[in-house]
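Take any residue in the sequence shown, count from 1 to its spot, add 925: that is its number in my numbering. So the structure is just underneath, and the comments pick up after that.
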Amino acid sequence: MLSGSSDHGGRRGLARHSAGIALFAGLGVLSGLLVDVGMAAIFGAGAETDAFFVAATIPFALSSLLLAATNQVLVPLVNGWFQEADDGEALERVGRLLGTALVVGVGCAILGALLAPVIPWAIVAGADPETKRAAAAMTALLFLTVVTRIGAEILRATLNARFSFAGPAAMPLVENLTVLGVMLLLHRRLGVEAVAVGYVAGGVLQLGFVAGVAVARGVFVRPRFGLGREETLVIRRALALPLAGAGLTMLARVAERFFASFLPPGRITILNYGWVEGRRRRTAP
């Protein structure tokens, strides 16, 4: 009798957990749509929004790579560490991965900031100089999201490897609501730069949120620098396929925006909305 009650309670707990994951995933998609709708309603489609999407080209492509790496590489890798060693040793490995990756992310952000004045002139040769200058300023800002995304995705992978899914599923919701709030509050003062500021703030809050979830679940990760040679080789080999896929996607987006830059202002924005909506429909839960 007790066994039957226990099984029934376990099934109910699993159902609630699954429902929570589905709810957060659905709200994440909905909040992303609200960001796009809000941006379109406030700024329309013109040179200003074109500048934002040009600035986001490389930072957002790197974010897509990190998301793919989490699903395809990091979760199996971290889960393997917990299978091979005790929790303390596994968390130490995760800490070394996190610390090393954050250093790499900071390096990418610095390099991106240094190249920011040049990147828009290469991506959108046909755009007017003012659009390129605005894109350059936002490019330097948006590269900061690479650092926070790296930290958030490694913590997400660690939680998923420890069979914690509901909290990490809420990460896009946290980011999107932050972007939406900052955009609504600051768009009159900053213009479309408010969206870029929103993504930076959203990245910071997202990282803080998933770190809080990790602590609440008893997963204490302390960043340390220095991966072992074997770990580095395994990660490098595992990342080859996601990196190639993200690279091809980024090249396609760059080519699309390059040719669209010779069309009237707003075409880059419209193409981006179409691409995002198509991806959202393919990945909707």
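A virtual CB, placed ideally from N, CA and C, is assigned to each residue, including glycine.
One thing to note: valine 979 has its Cβ within 8 Å of the Cβ of proline 1045. A Cβ-Cβ separation of about 13 Å leaves phenylalanine 1183 out of contact with isoleucine 983 under the 8 Å criterion. A Cβ-Cβ contact shorter than 8 Å links methionine 1108 with valine 1120. Excluding residues up to 5 positions away in sequence, Gln1131, Leu1132, Val1135 lie with their Cβ nearer than 6 Å to the Cβ of alanine 1077 in the same chain.
In this structure the stretch 956 to 976 does not lie against the stretch 1012 to 1023, because fewer than three pairs of beta carbons, one per stretch, are closer than 8 Å. Within its own chain, the residues whose Cβ lies closer than 7 Å to the Cβ of valine 1146, once the five positions on either side in sequence are excluded, are Leu1016, Val1019, Gly1020, Leu1023, Leu1080, Thr1083, Ala1139, listed in chain order. In this structure, DSSP gives valine 1049 a state outside helix and strand, which the three-state scheme calls coil. Judged by DSSP in its simplified three-state form, valine 1144 adopts coil rather than helix or strand.
Glycine 1123 counts as buried, since at least 16 other C-beta atoms from the protein chains shown sit within 10 angstroms of its C-beta. By the neighbour-count criterion, in which a residue is buried when 16 or more other Cβ atoms sit within 10 angstroms of its Cβ, alanine 1086 is buried. Around the C-beta of glutamate 1118, 16 or more other C-beta atoms lie within 10 Å, and the residue is accordingly described as buried. According to the DSSP assignment, alanine 1180 belongs to the alpha helix (DSSP H) that extends over 1154 to 1185. Contact between glycine 1030 and valine 1071 holds: CB atoms are separated by about 5 Å, below the 8 Å threshold.
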